[in-house]
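Residue numbers (the numbering used here): 744 to 1029.
No residue lacks a Cβ here, since even glycine has one placed at the ideal position from N, Cα and C.
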Amino acid sequence: MEKTDARKLTTEQQQLLRNHAIVLRKKGFTYKEISEITGVHFTTICTWWKIYEREGQKGIEIKKRGREPGSGRSLSPDREKEIRTKIRDGKPDELGLPFALWTRRAVRDFIRSLYSFEMPIRTVGEYLKRWDYTPQKPLKKAYRQKPEAVRKWIDEEYPAIRKKAKAENGEIHWCDETGLCNTGYHGRGYAPKGRTPEISVHPRCERVNLVSTVTNQGKIRFMLYDGKMNADTLVRFTKRLIKDTDRKVFLILDNLKVHHSHVVRDWAEEHSEKIELFFCPRIHPN
744 MEKTDARKLT TEQQQLLRNH AIVLRKKGFT YKEISEITGV HFTTICTWWK
794 IYEREGQKGI EIKKRGREPG SGRSLSPDRE KEIRTKIRDG KPDELGLPFA
844 LWTRRAVRDF IRSLYSFEMP IRTVGEYLKR WDYTPQKPLK KAYRQKPEAV
894 RKWIDEEYPA IRKKAKAENG EIHWCDETGL CNTGYHGRGY APKGRTPEIS
944 VHPRCERVNL VSTVTNQGKI RFMLYDGKMN ADTLVRFTKR LIKDTDRKVF
994 LILDNLKVHH SHVVRDWAEE HSEKIELFFC PRIHPN
């Protein structure tokens, strides 16, 4: 019989071939006879049978191809947990790093200090995204809710901000606040008809808040904090922001009430050579 090229068979066909060879062997056929019938080399038949004798049917089942979920990552789950905890609870300079706020470079250097290996910046960004540390420009949210006001702001006010930043060798930062919670938002899942799938969730939401900026070049800086955003927290963040850059910061805020507080306004006026505040159109809650 012509030899079978198993590489051209589907996984299901390959499994059936193995099962057929085992059945024939149980019936008393020799390895050579089974080889003639199936088209598989007799040494392969012999190997299958020995595995079957040792491990049973489970031993000859074809394993699922590809990586297991989570395998091949640079960080083990325990290391991921440790890093996330330290980032959440501390600031870079408190951990001996030459940064005032968390950036991809700061996280990369922190990982290197802990585990003595260099993680590519792009991989650091993928981890931050996986951990939901993904700030966005407030303007994107504003577009979805007040497109006319945003368009007017872009056409009339933003060009002046950009021109002023360029003239003063400054850098535009878009600020955003978001909350992170350990209870995920689960989508649909498969289950037998008539049976709703169930998941186990943590009985209490552990919440942490994040304030961040992203520049037009995509550079991200962020700070984690507890409680609600207030004037003192915003000032603390902006202090670290100007400490972390050698250029004047042109900070675009998304027009929350706290952004207009006298504490924030007075502090910004006192440091006008290092930071200037601007406001994109106010966003209504979803």
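Asked	Found
Between V944 and R873, what straight-line distance do the alpha-carbon atoms span, to the nearest angstrom?	Only weak support exists for where V944 lies, its pLDDT of 49 falling under 50; the value from the coordinates is given anyway. Roughly 19 Å separates the two Cα atoms.
DSSP state of S955, grouped into three classes?	strand
Can you give the Cα-Cα distance for G802 and S859, rounded to whole angstroms?	40 Å
Would you say I864 lies against chain B (beta-carbon separation less than 8 Å)?	Absent from the structure: chain B. Only one protein chain is present.
In chain order, what residues of the same chain lie with their CB nearer than 6 Å to the CB of V954, ignoring the 5 residues before and after it?	E920, M966, F980
Can you give me the start and stop residues for the beta strand (DSSP E) that E1019 sits inside?	1018-1022
Can you tell me which of the three DSSP states T988 falls into?	coil
By how many angstroms is the C-alpha of L871 removed from the C-alpha of P820?	14 Å
Smallest Cα separation from D989: which of N973, W917, K1017, K971?	K1017
Pick helix, strand or coil for R964, following the three-state DSSP scheme.	strand
Relative to the C-alpha of L994, which candidate in G970, I864, I904, K1000 has its C-alpha closest?	I904
With a threshold of 8 Å on Cβ separation, who are the neighbours of W792 within its own chain once the five nearest residues in sequence on each side are excluded?	A764, I765, R768, Y774
Taking the alpha carbon of M972 as the reference point, which residue from I963, D997, V992 has its own alpha carbon closest?	D997
Count the other CB atoms within 10 Å of the CB of R847; is the residue buried (16 or more) or exposed (fewer)?	buried
With distances taken Cα to Cα, identify the nearest neighbour of E755 among I915, R964, E804, E796.	E804
Assuming V951 and W917 form a contact by the criterion Cβ under 8 Å, report the distance between their Cβ atoms to the nearest whole angstrom.	No, V951 and W917 are not in contact; Cβ-Cβ is about 21 Å, not under 8 Å.
On a Cα-Cα basis, can you pick out the residue from F1022, E900, K982 that is closest to L844?	K982
Please report how far the alpha carbon of I864 lies from the alpha carbon of L818, in whole angstroms.	14 Å
Opposite L838 in the DSSP bridges: which residues?	L838 is not bridged to any residue.
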